[in-house]
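**Q** Before anything else, here's the structure in question.
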Amino acid sequence: MNDRDRPALETLGRIFDERANVVRISERGGVTITCSGDPEDLIADFQPRNIHGELADSTRVSVVEAQGHKQASSGLFDHEYRQVFQAQHVVMNEHINGGVQEYPAFKFRVRGPRWWRSRDGEAATDDGSRLIMTTEGDDRWFEFFPINAMTLRDLDRWVLSPITTLSALVTGNPAAQAGLRVRTTADSPWRMVYQEQDPVGSGHHELLDASHLTAERFASWIDLRKRTDALDAAAIDKLDGVAIQTEVLTLAAVAEGLHWRLFDGKKRVPALSDSDLKQARRAARRAALDRLSELDRSPRPPLADHDRVEFEKAMNDAFSFINEPTFRSRMSDLVIDAQLAIPNIVAAFADWPSAVKGARNTLAHRGTEPHSESVDQFYDLLIALSYSIPWVLRTVLLNRAGFNPPTLQEAYGLSSAYNHHVTNTRHLLAGGPYAAEAG
Numbered sequence: 188m189n190d191r192d193r194p195a196l197e198t199l200g201r202i203f204d205e206r207a208n209v210v211r212i213s214e215r216g217g218v219t220i221t222c223s224g225d226p227e228d229l230i231a232d233f234q235p236r237n238i239h240g241e242l243a244d245s246t247r248v249s250v251v252e253a254q255g256h257k258q259a260s261s262g263l264f265d266h267e268y269r270q271v272f273q274a275q276h277v278v279m280n281e282h283i284n285g286g287v288q289e290y291p292a293f294k295f296r297v298r299g300p301r302w303w304r305s306r307d308g309e310a311a312t313d314d315g316s317r318l319i320m321t322t323e324g325d326d327r328w329f330e331f332f333p334i335n336a337m338t339l340r341d342l343d344r345w346v347l348s349p350i351t352t353l354s355a356l357v358t359g360n361p362a363a364q365a366g367l368r369v370r371t372t373a374d375s376p377w378r379m380v381y382q383e384q385d386p387v388g389s390g391h392h393e394l395l396d397a398s399h400l401t402a403e404r405f406a407s408w409i410d411l412r413k414r415t416d417a418l419d420a421a422a423i424d425k426l427d428g429v430a431i432q433t434e435v436l437t438l439a440a441v442a443e444g445l446h447w448r449l450f451d452g453k454k455r456v457p458a459l460s461d462s463d464l465k466q467a468r469r470a471a472r473r474a475a476l477d478r479l480s481e482l483d484r485s486p487r488p489p490l491a492d493h494d495r496v497e498f499e500k501a502m503n504d505a506f507s508f509i510n511e512p513t514f515r516s517r518m519s520d521l522v523i524d525a526q527l528a529i530p531n532i533v534a535a536f537a538d539w540p541s542a543v544k545g546a547r548n549t550l551a552h553r554g555t556e557p558h559s560e561s562v563d564q565f566y567d568l569l570i571a572l573s574y575s576i577p578w579v580l581r582t583v584l585l586n587r588a589g590f591n592p593p594t595l596q597e598a599y600g601l602s603s604a605y606n607h608h609v610t611n612t613r614h615l616l617a618g619g620p621y622a623a624e625a626g
């Protein structure tokens with residue numbers, strides 16, 4: 188077992204009786220194993236289990252949320268019953284309370300950034316949790332002390348993911364945590380935690396170097412994660428190997444979701460209160476139903492009761508979002524925010540918000556009617572958006588991380604990836620209905 192593979196445990200004999208592999212022993216000692224392919228049995232067997240054990244040297248081991256099953260025989264004369272388990276975590280030197288165990292302190296590294304230009308530091312989150320960055324040899328270590336003890340799952344969701352996301356957002360290269368350790372009490376020794384870890388390549392030229400990854404920025408990003416529901420991570424996730432339609436629809440949905448979370452409380456008519464809208468909805472529904480009752484529908488049959496009920500529901504649905512920004516206005520807010528730092532970020536587009544809206548609506552809301560443009564032009568638009576939407580979202584998020592326009596402009600100007608995006612989108616859109624006029 189190393190600190191990158193998913194932890195595994197193989198046992199000689201059974202830790203639990205499997206429903207999908209029922210063992211029967213006859214009076215004469217004969218063994219029969221009946222195998223089942225029933226999904227109910229297979230899934231019941233695969234439910235997570237917490238396993239406590241000891242190594243030969245009496246070291247305690249906790250295998251956390253292990254999923255196991257009978258190991259297939261390795262040969263004709265391999266008659267011994269083995270079970271094999273894969274675990275979310277293995278905690279050394281302790282017998283812990285499985286996945287619900289809470290810890291008061293954590294220590295870990297982050298792989299990916301070139302940390303040699305970073306510096307030590309300490310910062311607090313809004314709730315008073317502490318984050319400390321230290322140097323040990325050639326490694327950059329993080330220590331996190333939550334205001335309230337937390338589980339490993341909560342650590343991953345609310346601390347590790349925001350920290351690796353910000354690292355990847357800033358540098359433009361993948362990042363992942365490594366070397367996780369925990370304390371079971373405030374003054375106990377650090378205990379090693381083994382878990383599967385994503386591979387991290389060497390990466391390319393960093394967009395912004397690790398000197399910008401300070402304890403203060405990480406603490407602020409941990410706070411921001413409470414608002415973003417991890418859409419900050421989704422915004423920079425690579426969608427390799429998917430259809431271009433899947434990529435653009437996903438990016439458009441992420442962009443809309445981020446706007447909901449980053450541009451708080453924005454309304455089309457800010458002066459209207461919830462009470463105003465409720466009364467307007469009632470009045471509109473009543474007027475529409477009255478008008479339907481007055482219509483001369485002959486020779487058509489009168490509206491049935493269920494038709495009126497469904498129409499009333501439709502009116503309610505129509506008014507539910509009447510004071511919310513439109514999809515296009517959300518895209519406009521995002522790109523205006525990005526252009527505050529990078530003015531040329533969508534320079535190839537005549538109207539970027541309308542282009543995103545048009546592509547999304549064509550894919551999600553329209554039937555098989557012909558496009559207003561040629562099929563090739565539409566596909567070129569999708570490819571251009573697959574480049575531009577991630578750059579717009581990255582820039583909006585970097586603005587939220589506190590980077591000023593001159594810093595971002597210098598970094599983007601030196602970025603081969605960004606300059607390829609600018610050139611590619613211009614060539615893809617050239618001569619089509621979405622291209623900006625040549626200046």
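The numbering used here puts the first residue of the sequence shown at 188, with every later residue one more than the last. All C-beta atoms, glycine included, are put in the ideal place defined by N, C-alpha and C. Treat the numbers as computed from the prediction; the structure is a model and nothing was measured.
1. Nearest-angstrom Cα distance between V209 and P235?
2. Whole angstroms is fine: what's the gap from F264's alpha carbon to G217's?
3. Hey, out of A534, D244, R298, whose CA is closest to H614's CA?
4. Identify the continuous alpha helix (DSSP H) that holds R317 and give its terminal residues.
5. Return helix, strand or coil for Q254, following the three-state DSSP convention.
6. Identify whether D326 lies in helix, strand or coil by the three-state DSSP scheme.
7. For the beta strand (DSSP E) that contains A363, what are its first and last residues?
8. Please list the segments of the beta strand (DSSP E) lying wholly inside the region 377-454, counting only runs of 3 or more residues, in order along the chain.
9. Could you have a look at F264 and say whether DSSP puts it in helix, strand or coil?
10. With a cut-off of 8 Å on the beta carbons, I'd call V380 and V287 a contact; round off their distance for me.
11. With three or more C-beta pairs closer than 8 Å as the rule, is the region 343-356 touching the region 243-262?
12. For P523 versus W578, is the C-beta spacing smaller than 8 Å?
13. Report the CB separation of M518 from A598 in whole angstroms; it is logged as a contact under 8 Å.
14. In three-state DSSP terms, what is Q596?
15. What distance in whole Å lies between the Cβ atoms of R298 and A362, which are believed to be in contact at a cut-off of 8 Å?
16. Rounded to whole angstroms, what is the Cα-Cα separation between N611 and Q275?
17. When the cut-off is 8 Å and only beta carbons count, does L584 lie next to chain D?
18. Note down the Cα distance separating L601 from N591, rounded to an integer number of angstroms.
19. Roughly how far, in whole angstroms, is the beta-carbon of I570 from the beta-carbon of I431, given that I think they are within contact range, below 8 Å?
20. Along the beta strand (DSSP E) that carries A292, what are the first and last residues, could you check?
21. Mapping the DSSP letters down to three states, classify R193 as helix, strand or coil.
22. So V271 is in the alpha helix (DSSP H); what residue range does that whole segment cover?
23. Is it buried or exposed, G589, if we count other Cβ atoms within 10 angstroms and call 16 or more buried?
24. Starting from I230 and walking both ways along the alpha helix (DSSP H), at which residues does that stretch end?
25. Grab the span of the alpha helix (DSSP H) containing A355 for me, first residue to last.
26. Hey, could you find the ends of the alpha helix (DSSP H) T219 is sitting in?
27. Pair every Cβ in the region 419-434 with every Cβ in the region 315-322, then say whether three or more of these pairs are closer than 8 Å.
28. Per DSSP, which one or two residues make a beta bridge with I212?
29. Taking only three categories from DSSP, how would you classify S375?
**A** So, from the data block:
1. 19 Å
2. Residue confidence is low: F264 scores 49 on pLDDT, short of 50, so the model does not pin down where it sits. Its coordinate-derived value is still stated next. Their Cα atoms are separated by approximately 15 Å.
3. A534
4. That residue, R317, is in no alpha helix (DSSP H); its beta strand (DSSP E) goes 317-323.
5. strand
6. strand
7. 363-370
8. 378-381
9. Since pLDDT at F264 reaches only 49, below the 50 mark, its modelled position is unreliable, and no value is offered.
10. Contact doesn't hold; Cβ gap of about 15 Å is too wide.
11. no
12. The amino acid at residue 523 is misidentified as Pro; the sequence shows Ile. Not a contact, by the Cβ cut-off of 8 Å.
13. About 24 Å; that fails the 8 Å criterion.
14. helix
15. 7 Å
16. 42 Å
17. The displayed structure is made up of one protein chain only, and chain D is not part of it.
18. 16 Å
19. 6 Å
20. 292-298
21. coil
22. No alpha helix (DSSP H) contains V271, which is instead part of the beta strand (DSSP E) from 269-273.
23. exposed
24. 226-232
25. 348-358
26. It is not in any alpha helix (DSSP H) - T219 instead sits in the beta strand (DSSP E) that spans 218-222.
27. no
28. V218
29. coil
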